[in-house]
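The numbering used here runs 2 ahead of the 1-based position in the sequence shown.
C-beta: ideal position from N, C-alpha, C; glycine also.
The model shown is predicted, which means the values in this text are computed figures rather than measured ones.
What follows is a set of notes on a single structure, which appears directly below.
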Amino acid sequence: MLLIATTLLGRMAQPSADLDISIRLRQMALSLQAPSGGTRDTILPTLPQIPGRKGHALFGEFLLLQSQQRIEDGHISLAWQPLQQWAPQNVAQPSSIEAVISSRVDFMKGKLCRFQGDFGSASRYLEPLASQYPAPRIQFPARLHLAVVYGELGFWDKAQAILDQTEPRTQKQQRLLRLARAEVRLAQGLDKLATTPAFRSDGFFDSANEIFHSLSDEYQDLAPSGKGMRRNFFRVCLGLAIIGHVKRRHKPQFGMIQALSYWQRAYLACRGCLVKWEGFPNVVCLLSMAEIKASLADRSGDADLDHAKEILAQLSRDNVESRFFFANLGTRWAQIICDWLEQAGKPRVLTGQGSGLG
Numbered sequence: 003m004l005l006i007a008t009t010l011l012g013r014m015a016q017p018s019a020d021l022d023i024s025i026r027l028r029q030m031a032l033s034l035q036a037p038s039g040g041t042r043d044t045i046l047p048t049l050p051q052i053p054g055r056k057g058h059a060l061f062g063e064f065l066l067l068q069s070q071q072r073i074e075d076g077h078i079s080l081a082w083q084p085l086q087q088w089a090p091q092n093v094a095q096p097s098s099i100e101a102v103i104s105s106r107v108d109f110m111k112g113k114l115c116r117f118q119g120d121f122g123s124a125s126r127y128l129e130p131l132a133s134q135y136p137a138p139r140i141q142f143p144a145r146l147h148l149a150v151v152y153g154e155l156g157f158w159d160k161a162q163a164i165l166d167q168t169e170p171r172t173q174k175q176q177r178l179l180r181l182a183r184a185e186v187r188l189a190q191g192l193d194k195l196a197t198t199p200a201f202r203s204d205g206f207f208d209s210a211n212e213i214f215h216s217l218s219d220e221y222q223d224l225a226p227s228g229k230g231m232r233r234n235f236f237r238v239c240l241g242l243a244i245i246g247h248v249k250r251r252h253k254p255q256f257g258m259i260q261a262l263s264y265w266q267r268a269y270l271a272c273r274g275c276l277v278k279w280e281g282f283p284n285v286v287c288l289l290s291m292a293e294i295k296a297s298l299a300d301r302s303g304d305a306d307l308d309h310a311k312e313i314l315a316q317l318s319r320d321n322v323e324s325r326f327f328f329a330n331l332g333t334r335w336a337q338i339i340c341d342w343l344e345q346a347g348k349p350r351v352l353t354g355q356g357s358g359l360g
């Protein structure tokens with residue numbers, strides 16, 4: 003698609019200014035989703051001014067891409083800056099295209115709040131988009147993000163209700179809806195496990211595990227097609243690894259080797275799916291592997307802990323924020339795994355939710 007857009011632009015002797023910008027914006031959007039990922043040079047530093055509401059909407063599209071680029075780089079705080087530069091020219095009576103851009107800006111703000119761990123604010127941005135009628139194009143992803151946010155907040159009935167109201171229209175949307183359901187069920191199981199350690203939440207884990215397994219092969223085959231698919235494959239691997247880990251603790255026959263193999267698979271899956279270097283997901287994978295080894299008196303887990311600390315230090319130096327990109331990873335599971343490591347006599351590597359932790 004990126005090649006087609008470039009070719010069409012090159013064949014036009016004198017394309018109109020708005021068409022030229024529209025094609026270039028499409029190039030930028032496709033580049034950000036390419037398997038190799040975008041670079042800072044992908045996004046144009048400035049955009050030629052085009053008068054009128056259409057030109058203003060194109061400027062909004064440009065700012066959204068700037069924000070997305072900063073998310074790709076792991077700079078969530080900086081991703082807010084472009085969004086503050088846009089509003090409809092007439093807020094009381096926006097044009098139809100400006101209304102679309104406004105919805106997309108609010109959606110991006112909701113995602114940024116979620117990615118910073120501010121789940122309450124995220125819900126306030128996402129709720130109007132999830133119920134808006136007529137439905138905007140972003141209603142489906144807004145509902146999925148909102149379900150995850152409700153799950154992080156422990157609002158199980160709300161999370162289930164929003165998923166039940168969501169009707170997928172494509173095979174891709176069907177997969178995403180199933181994945182969101184599995185993550186909410188997993189969150190319920192982890193919530194019970196964190197608050198009642200003796201609780202055996204196999205019912206929650208088993209239902210989530212069934213969905214994760216059914217999606218595993220599908221997303222593994224699709225992973226090479228782009229960053230979005232790679233991230234979804236990691237979400238599946240993460241779910242399987244967490245469930246396998248929990249079952250290993252309560253049912254020793256599950257086996258250390260299988261539990262470790264799930265985390266090793268998740269570790270490899272998250273490389274390159276978020277930022278170009280190792281991020282917070284890698285840290286949690288390493289901590290999880292270290293906990294399994296510690297429970298079996300395997301000293302090699304200390305190297306995993308050291309590696310995790312090195313990654314956190316580098317993330318802090320680079321101001322990279324990636325703790326809350328994936329459901330349950332930076333909240334319930336990070337808390338549980340650190341508690342287990344501490345019980346095993348290991349130092350607590352994660353001590354909060356600030357950007358210094360990735």
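Item                                                                                                                         : Value
heavy atom of the ligand COA below 6 Å from Ala101 C-beta                                                                    : Looking for the ligand COA in the displayed structure turns up nothing, as the structure carries no ligands at all.
Leu188 versus Ile213, Glu323, Gly54, Arg171, residue with shortest Cα-Cα distance                                            : Ile213
Ser302 (DSSP reduced to helix, strand or coil)                                                                               : coil
Helix, strand or coil at Trp279 [DSSP, three-state]                                                                          : coil
Euclidean distance between Cα positions of Leu131 and Phe121                                                                 : 16 Å
Continuous beta strand (DSSP E) assignments of at least 3 residues falling wholly in the region 67-141                       : none
Run of the alpha helix (DSSP H) containing Phe206, from where it starts to where it stops                                    : 204-224
Status (buried if at least 16 other CB within 10 Å, exposed otherwise) for Gln345                                            : exposed
Beta-carbon contacts of Gln260 that lie in its chain and below 8 Å, excluding the five residues immediately before and after : Gly246, Arg250
Sequence-distant residues of the same chain with beta carbon closer than 8 Å to Asp306, five excluded per side               : Leu288, Leu289, Met291, Ala292, Lys295
Residue of Arg126, Cys340, Ala137, Pro283 minimising C-alpha distance to Gln155                                              : Before going on, a small fix: residue 155 reads as Leu here, not Gln. Comparing Cα positions, the closest option is Arg126.
Neighbourhood of Gln176 by C-beta distance below 8 Å, restricted to the same chain and skipping five residues each side      : Pro170
Supposed close pair Ser318, Phe282 - CB separation, criterion 8 Å                                                            : Not a contact, Cβ separation roughly 11 Å.
Where Ser2 sits in the DSSP three-state scheme                                                                               : Any question about residue 2 goes unanswered here, given that the chain covers just 3 to 360.
DSSP three-state assignment for Phe61, whether helix, strand or coil                                                         : helix
Nearest to Arg106 (by Cα), restricted to the options Val93, Leu128, Gly119                                                   : Leu128
Ala336, enclosing alpha helix (DSSP H) - first and last residue                                                              : 336-345
Sequence-distant residues of its chain with Cβ nearer than 7 Å to Arg301 (five each side left out)                           : none
N-terminal and C-terminal residue of the alpha helix (DSSP H) that Gly191 is part of                                         : 173-197
The region 100-118 contacting the region 132-144, beta-carbon criterion three pairs below 8 Å                                : yes
Buried/exposed call for Ala336, threshold 16 Cβ in 10 Å                                                                      : buried
Given Met165 as reference, the closest of Leu148, Ser216, Leu67, Val351 once Cα atoms are compared                           : The question names Met, yet the displayed sequence has Leu at residue 165. Nearest option by C-alpha distance: Leu148.
Close beta carbons around Gly62, own chain, < 6 Å, minus the five adjacent residues each side                                : Trp88, Ile103
Extent of the continuous alpha helix (DSSP H) to which Lys160 belongs                                                        : 158-166
Leu114 versus Gln190: straight-line alpha-carbon distance, rounded                                                           : 23 Å
Proximity to Ala271 [Cα-Cα], best of Gln222, Gln162, Arg28                                                                   : Gln222
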